[in-house]
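Going by the UniProt record's numbering, the letters in the sequence shown line up with residues 1 to 119, in that order. The C-beta atom is built at its ideal place from N, Cα and C for all residues, glycine as well. This structure is a prediction, so every number in the text was calculated from the model and none was measured.
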Amino acid sequence: MLARSYRCGLDAAIDVIGGRWKALILWALHAEPLRFGELKRKVAGISEKMLIQALRELEADEIVHREVFHEVPPRVEYSLTGLGQRLNTALLPLGDWGEENMTGIAKRRGVTPAPRHTA
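What follows is the structure, encoded as structure tokens:
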């Protein structure tokens, strides 16, 4: 087996957030801890299997914290660690760029952008 090495910091960061879902999970967790079902609803389109897999990987990378509450019925909440909060902050400019360019990107890729939510 060949040893993996990172060529730069971006290489390491992409390894942590790579794939379709991880950045969306991070964004969903930015405001507060969420239970699994709440997280699944906030990350539209993700399957239960993919959410479990992504959460396990993010937990292994110390980006997400999983807390089990020993109650009846049992409750589990997911939240960002300090490292996860810093990563989310680093992703904010990427999200801004996406917002500014979403219409053009969607047009070129044949995708319909979701309606924008206003606060």
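With a threshold of 16 other beta carbon atoms within 10 Å, A60 falls short and is exposed. Remark: fewer than three beta-carbon pairs, one from each stretch, lie closer than 8 Å, so the region 79-98 and the region 46-53 are not flagged as touching.
Of all alpha-carbon atoms in P74, K42 and G37, the one lying nearest the alpha-carbon of H30 is that of K42. Taking a contact as a CB-CB distance under 8 Å, the pair V76 and R66 counts as one, their CB atoms being some 6 Å apart.
Just measuring C-alpha positions, the residue of T112, R35 and P113 sitting nearest P73 is R35. Between L55 and V68, the CB-CB gap reaches or exceeds 8 Å.
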